[in-house]
Ligand code: ATP
Ligand code: ZN
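Numbering (the working numbering), first residue to last: 723 to 1005.
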């Protein structure tokens, strides 16, 4: 049985549960419990505060866990980062009051910086050879400059609206973070095998999200050109249409090249292009 720790409520909760669900893992009970067993996969889910997850994974109370990379680095526990999950993206940044004339990192010298991320901030300042004072506080970091507690802050930012409403501007990005899957370094052989199975599922969900299934009609004299830009999983499927001289082409395209490919397909005379989401993709 593999024990996975996830946040019990907060910004990581919804997407963590959604990921398990997309992996076909169904949980027995609601989220108000401390733990829930899956009835169709050998996994047990523990609901915890995100800050405690690295410690629990390190101690082996949980085998694996989902946390923000920011929390993983701040707690600095010796556990493995096994997979970048791509949700809960944010950055850890330094911000100063809008009125401050900020030109370079040198301007941080001698300042008092409030943060809940003193480990990451200290390492960053040391690397950059900046001597500044770190003032560790436990929450509401963004109000620190306004009440005279600090000259600057180091905190998580996503849209920047919290900084804006507190009269602050982002001046340095220290870390780009996202949710990650972490694991204890000494998993049993049995649990390693379950983790491998879980990773195969996570990967297929993620790959599917990055790809679309595409079906289109094309004139036969353009099929060679079209096949070149639509490689698909191996190569496209081509089926003749009833109308002479035309074929139906089925393939898979990556989200990143999507619009480029559509434009080229149109140039090659493709018609009736249908694009559909893929639920799972095992490559
Ligand atoms: P807990 O009660 O579990 O300690 P928390 O208040 O510390 O929760 P949340 O605010 O739910 O934590 O954030 C969890 C994680 O979500 C963060 O560690 C970070 O990785 C990510 N995150 C994404 N965007 C933001 C943001 N704008 N502000 C804070 N965290 C963010
Ligand atoms: Zn927390």
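From the three backbone atoms N, C-alpha and C, an ideal C-beta is built for every residue, glycine too.
Predicted model only: the values in this text are computed from it and were never measured.
Mind checking whether residue 927 and residue 724 have CB atoms under 8 Å apart?
Contact: no.
Using DSSP with H/G/I as helix, E/B as strand and the rest coil, what is residue 898?
If DSSP states are grouped into helix, strand and coil, residue 898 belongs with the strands.
Do residue 884 and residue 858 count as a contact pair if the criterion is CB distance below 8 Å?
no
Can you name, in chain order, every residue of its own chain whose Cβ lies under 7 Å from the Cβ of residue 865, other than the five neighbours on each side?
888
What do you get for residue 955, buried or exposed, if any count of 16 or more other CB atoms within 10 angstroms of its CB means buried?
exposed
Taking all protein chains shown into account, do 16 or more other C-beta atoms lie within 10 angstroms of the C-beta of residue 913, making it buried, or fewer, making it exposed?
buried
Please return the same chain residues whose Cβ sits closer than 7 Å to the Cβ of residue 903, not counting the five positions on each side in sequence.
786, 788, 804, 805, 807
Note down, one range per segment and in chain order, each alpha helix (DSSP H) of at least 4 residues found wholly within the segment 771–828.
775–781, 791–797
Given that a residue counts as buried once 16 or more other Cβ atoms are within 10 Å of its Cβ, and exposed if not, what is residue 963?
Answer is exposed; the Cβ neighbour count stays below 16.
Would the C-beta of residue 771 count as close to the ligand ZN, meaning under 7 Å from any of its heavy atoms?
yes
Given this structure, state the Cα-to-Cα distance separating residue 942 from residue 968, to the nearest angstrom.
5 Å
When the Cα of residue 800 is compared with those of 906, 871, 726, 946, which residue comes out closest?
906
So who's on the other strand from residue 835, going by DSSP bridges?
856, 874, per the DSSP bridge assignment.
Any beta-carbon of chain B closer than 8 Å to the one on residue 735?
Protein chain content of the structure displayed is limited to a single chain, and chain B is not contained in it.
Tell me, please, whether the segment 819–830 touches the segment 944–958 by the rule of three or more beta-carbon pairs shorter than 8 Å.
no
Residue 871: which of 901, 881, 819 sits nearest, CA to CA?
Here the closest residue by C-alpha is 819.
Going by the C-beta, is residue 729 closer than 7 Å to any heavy atom of the ligand ATP?
Yes.
Using the Cα positions of residue 772 and residue 919, report the straight-line distance between them to the nearest angstrom.
24 Å
Please tell me whether, using a cut-off of 7 Å, the distance from the CB of residue 792 to the nearest non-hydrogen atom of the ligand ATP is below it.
yes
For the ligand FAD, is there any heavy atom lying closer than 7 Å to the beta carbon of residue 879?
The ligand FAD is absent from the structure shown, which contains only the ligand ATP and the ligand ZN.
Just the Cα atoms here: how many angstroms apart are residue 843 and residue 922?
35 Å
Rounded to whole angstroms, what is the Cα-Cα separation between residue 738 and residue 762?
17 Å
How many angstroms separate the CA atom of residue 821 from the CA atom of residue 935?
51 Å
Quick one: what does DSSP say residue 949 is sitting in, helix, strand or coil?
Note: residue 949 maps to helix in three-state DSSP.
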